[in-house]
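Just add 28 to wherever you are in the sequence shown, counting from 1, and you've got this note's numbering. Step one of this worksheet: look at the structure below.
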Amino acid sequence: MHHSSMTPLLILAAVSLGTADVVAQGQSRIANDPKLDEWEVPWAESRPRDPYVGPDGRIWFVGQRTSYAAVLDPETGDFEQCDLDNAGPHNLIVDSDGMVYYAGNRASHIGKLDPETCEIEKIMMPDERARDPHTLVWDASGDIWFTVQQGNFIGHLTTATGEVKLIPAPEVEGGRSSSSRPYGIKMDSKDRPWVVLFNTNKIATVDPETFELETFDLPAEDARPRRLVIDSKDIIWYVDYSRGYLGSLNPETGEVREWPNPGGERSRPYAAAIDEYDRVWFVETGLDPNTFVGFDTETEEFISVVEVESGGGAIRHMVYDEKTKSIWFGTDTNTIGRAVVPPKRTTS
Numbered sequence: 029m030h031h032s033s034m035t036p037l038l039i040l041a042a043v044s045l046g047t048a049d050v051v052a053q054g055q056s057r058i059a060n061d062p063k064l065d066e067w068e069v070p071w072a073e074s075r076p077r078d079p080y081v082g083p084d085g086r087i088w089f090v091g092q093r094t095s096y097a098a099v100l101d102p103e104t105g106d107f108e109q110c111d112l113d114n115a116g117p118h119n120l121i122v123d124s125d126g127m128v129y130y131a132g133n134r135a136s137h138i139g140k141l142d143p144e145t146c147e148i149e150k151i152m153m154p155d156e157r158a159r160d161p162h163t164l165v166w167d168a169s170g171d172i173w174f175t176v177q178q179g180n181f182i183g184h185l186t187t188a189t190g191e192v193k194l195i196p197a198p199e200v201e202g203g204r205s206s207s208s209r210p211y212g213i214k215m216d217s218k219d220r221p222w223v224v225l226f227n228t229n230k231i232a233t234v235d236p237e238t239f240e241l242e243t244f245d246l247p248a249e250d251a252r253p254r255r256l257v258i259d260s261k262d263i264i265w266y267v268d269y270s271r272g273y274l275g276s277l278n279p280e281t282g283e284v285r286e287w288p289n290p291g292g293e294r295s296r297p298y299a300a301a302i303d304e305y306d307r308v309w310f311v312e313t314g315l316d317p318n319t320f321v322g323f324d325t326e327t328e329e330f331i332s333v334v335e336v337e338s339g340g341g342a343i344r345h346m347v348y349d350e351k352t353k354s355i356w357f358g359t360d361t362n363t364i365g366r367a368v369v370p371p372k373r374t375t376s
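Structure below.
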């Protein structure tokens, strides 16, 4: 395992945008701002992305451009790397034993990586069209649901046996691709996967018993949902990348609501995470620097807008760690970032 030590770029988020308008409502935005730190990754221009908190508290991530899986020790700033042999990894998740599963986006497989030895077991896709596994997520039983963006599938991997089931996503007429581009994926409290179909204005779910797919339409034809999160009431929250909105879908009623982003219609919201207070945090990647935005789903207000010190380039996927109240992200500016979110203030 390649080892490198870097001094963390401890970047404090002192910049808070547009505070005055929120103060007028009797609530200071500063108090709601997360504290952002970034660590420079020692492998140049490698597109570090999709971090995941391992059982020991270290932060695993992939280098999409230069095909590695790596781990950061936030206590020491040390990085270690395993080479993934040109797999073009897109995403990874870590099990309770510390085994790493990554999406071999350029190489038609999901890889199981032993972090001690860097040995890889490849689980190949059973259909050659499923060439680009995209985003992986755990279900309650330790199996994996995943998206295949260009190949146009939603997949399920039984980790004990290596069996992969592929559910075809809807096809799209016209345009450059007939794939509906299954993209971000999350699990609800009933252990059902929810998926945004990025080439459409649809959100999909799959019945884990029958593997039947169901879709929900968003009212705006030109909506393009890219990532989603799910709150404690199983409401789906999604970022509309093309229009610059945060939206919610109530699966029980089909009701869709939306809020224009602080950064406007060209804000390109992308990575998203949700904390245990049901606050949604997402990144506006159309802005330079990127802005890290907080939204309180209870009060239905944007509560924080903070600039990303390194610029961010594009922040593509984030994960929330309840233990440390931290959201972890990777940037196209070659850093791994952490946003420590503040406790939710109660108003008397």
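Glycine included, C-beta positions come from ideal geometry on N, C-alpha and C.
Below-8 Å beta-carbon distance, residue i vs any chain C residue
i, result
"residue 224", "No chain C appears in the structure shown, which is made up of a single protein chain."
Candidates the options, of which the one nearest residue i by Cα
i, options, result
"residue 72", "369, 360, 366, 276", "360"
"residue 213", "337, 344, 76", "344"
"residue 150", "144, 156, 162, 135", "135"
"residue 128", "87, 104, 113", "87"
"residue 332", "158, 308, 316, 363", "308"
"residue 147", "130, 336, 161", "130"
"residue 94", "294, 236, 116", "116"
"residue 339", "351, 346, 348, 315", "315"
"residue 143", "121, 152, 327, 155", "121"
"residue 179", "206, 91, 187, 125", "206"
"residue 156", "192, 124, 362, 267", "192"
"residue 195", "177, 204, 203", "177"
"residue 237", "248, 63, 221", "221"
"residue 302", "261, 161, 233, 282", "261"
"residue 280", "269, 263, 296, 267", "263"
"residue 259", "278, 243, 253, 241", "278"
"residue 118", "99, 349, 78", "78"
"residue 381", "243, 74, 312, 351", "Since the displayed the chain opens at 29 and closes at 376, residue 381 lies outside it and no answer follows."
"residue 216", "257, 170, 249", "257"
"residue 83", "371, 349, 369", "349"
Rounded distance between the beta-carbons of residue j and residue i, thought under 8 Å
i, j, result
"residue 323", "residue 330", "5 Å"
"residue 69", "residue 356", "That pair is no contact at about 13 Å."
"residue 139", "residue 132", "5 Å"
"residue 245", "residue 227", "So it is not a contact: roughly 14 Å between Cβ atoms."
Beta bridge counterpart(s) of residue i as assigned by DSSP
i, result
"residue 63", "368"
"residue 140", "129, 149"
"residue 82", "BP columns for residue 82 are empty, so no partner."
"residue 225", "210, 230"
"residue 184", "173, 193"
"residue 327", "For residue 327, which the question treats as bridged, DSSP gives no partner whatsoever."
"residue 161", "176"
"residue 96", "91, 111"
"residue 244", "231"
"residue 199", "207"
Buried or exposed by the 16-neighbour rule on C-beta atoms within 10 Å, applied to residue i
i, result
"residue 114", "exposed"
"residue 365", "buried"
"residue 190", "exposed"
"residue 174", "buried"
"residue 218", "exposed"
"residue 251", "buried"
"residue 294", "exposed"
"residue 235", "exposed"
"residue 54", "Confidence in residue 54 is poor, its pLDDT being 36 and thus under 50, which makes the residue's placement too unreliable to answer from."
"residue 181", "buried"
"residue 188", "exposed"
"residue 103", "exposed"
"residue 66", "buried"
"residue 373", "exposed"
"residue 199", "exposed"
"residue 367", "buried"
"residue 124", "exposed"
"residue 310", "buried"
"residue 232", "buried"
"residue 49", "Low per-residue confidence applies at residue 49: pLDDT is 38, beneath 50, and the placement is therefore not dependable, though the value from the model is reported in the following sentence. Classification for residue 49: exposed."
"residue 145", "exposed"
"residue 253", "buried"
- Quick check: the region 102-112 against the region 164-180, are there 3 or more CB pairs under 8 Å? no
- Could you say if the region 265-278 and the region 288-297 meet the contact criterion of at least three C-beta pairs nearer than 8 Å? yes
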